[in-house]
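Residues in the sequence shown are numbered consecutively from 249, following my numbering.
Glycine included, every Cβ here is placed at the ideal spot set by N, Cα and C.
Each remark here refers to the structure printed beneath this line.
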Amino acid sequence: MNTAPAEVIRALVPGMDSDAAAKLVADRQQTPFGSIADFKSRLPHPEVVIDETALDVKSDWFEISIEARQGDTIARARALLRRSASGSAWPVVVWQTVE
Numbered sequence: 249m250n251t252a253p254a255e256v257i258r259a260l261v262p263g264m265d266s267d268a269a270a271k272l273v274a275d276r277q278q279t280p281f282g283s284i285a286d287f288k289s290r291l292p293h294p295e296v297v298i299d300e301t302a303l304d305v306k307s308d309w310f311e312i313s314i315e316a317r318q319g320d321t322i323a324r325a326r327a328l329l330r331r332s333a334s335g336s337a338w339p340v341v342v343w344q345t346v347e
């Protein structure tokens, strides 16, 4: 929920309107959600029933894009990383591409 666009939040929360979803997204920029309970407590109607099995406030997946320039030469690369379930400090590179 800490990276979901307002449109996704609106679709997941029954009765959520566009303005409330946009405010929730703006507020989380200052204070990200610490848990699903924290997310629910900040809803306009915290008593709303939500399927929490589809929600989380953290991610194990990350996309990285990089661009390097030297003179007239430009190199770009992208990679999809997955946080290791084993607790390793280094993520697993799922795929990568160099352009």
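Leaving out five residues on either side along the sequence, give the residues of the same chain with a beta carbon under 8 angstroms from the beta carbon of Pro-294. Lys-288
Which residues bound the alpha helix (DSSP H) around Ile-284? 284-289
For Gly-282, which option in Ile-298, Val-261 and Ser-307 has the closest C-alpha, if you only look at C-alpha atoms? Ser-307
Proximity winner among Val-346, Ala-269, Ile-312 and Ala-270, relative to Ile-322 (alpha-carbon distances): Val-346
Is Ser-313 helix, strand or coil by DSSP? strand
Could you tell me which residues DSSP puts in a beta bridge with Ala-327? As a beta-bridge residue in DSSP terms, Ala-327 pairs with Ile-312 and Gln-344.
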